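Residue numbers (the numbering used here): 3 to 273.
Beta carbons are placed, not taken as given, at the ideal position from N, Cα and C, and that holds for glycine.
Note that the structure is a prediction, hence the values are computed from the model and not measured.
Encoded as structure tokens, the structure appears first; notes follow it.
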């Protein structure tokens, strides 16, 4: 549009120059045409200038709107980034809590499994202990029955008292010649006193004891129950098996000498 305006201006200038040079020779009709055309060009020029101003105003408005849109876009992007960061933090926190809870669940399951194993072990030890108690009670009863005498011993009859010893005979009187000699006086012997006989008291049969505990096969619980050993000492005895003789308990520092002296008669190393 600006190119067309320039052409109109140039044409007007040419017409003016032609009119000036030709003077009065130019016809009036042509002059009127040139003037009319000049007016038209001026009107178009004003119109173009008005359009240019309007376009410039629109461009300015568009620039302002574009700047505002850019600012809004930046704000929206910042808000979006903030939301993304917040989402990532929340996701990381949730994942961390989920992992923590999963770890706790695993630990609780392991504890539950361990408790079940402990309960099963305790049940087995209880059953073993009950069986051992029943077995030893049965053996004790059998030994007690075996040690009981078949019949009670007959009481011994008291010894009859001994009769008193006879008195010494009085010697006959001697002739007077013999009586002149002094005779030593002899005191008569007293009669022996009869001692009461005491019947011997029968010895009561020894009570049957428990069977010796075989330290090569007995469990730690049996040693605690029947030998009175502490739990850790009984476990040490079990862990140092086998034994060829009882004295190895002291020689290998499994038991103190004092403890061995107390239980040595109640233990064995052979079936």
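Span separating the alpha-carbon of residue i from that of residue j
i	j	result
residue 225	residue 148	25 Å
residue 35	residue 53	27 Å
residue 139	residue 239	24 Å
residue 76	residue 58	27 Å
residue 129	residue 223	11 Å
residue 72	residue 37	51 Å
residue 250	residue 256	8 Å
residue 48	residue 74	38 Å
residue 122	residue 97	37 Å
residue 248	residue 263	11 Å
residue 258	residue 127	27 Å
residue 113	residue 81	47 Å
residue 61	residue 46	22 Å
residue 33	residue 69	53 Å
residue 84	residue 66	27 Å
Residues bridged to residue i [DSSP beta-bridge criterion]
i	result
residue 216	270
Residue i - DSSP class collapsed to helix/strand/coil
i	result
residue 255	coil
residue 29	coil
residue 261	helix
residue 138	helix
residue 55	helix
residue 101	helix
residue 131	helix
residue 41	helix
residue 82	helix
residue 96	helix
residue 117	helix
residue 106	helix
residue 242	coil
residue 123	helix
residue 221	coil
residue 249	coil
residue 230	coil
Among the options, the one whose alpha carbon lies nearest that of residue i
i	options	result
residue 234	114, 47, 221	221
residue 136	41, 84, 228, 245	228
residue 146	248, 42, 213	213
residue 266	241, 242, 230, 237	230
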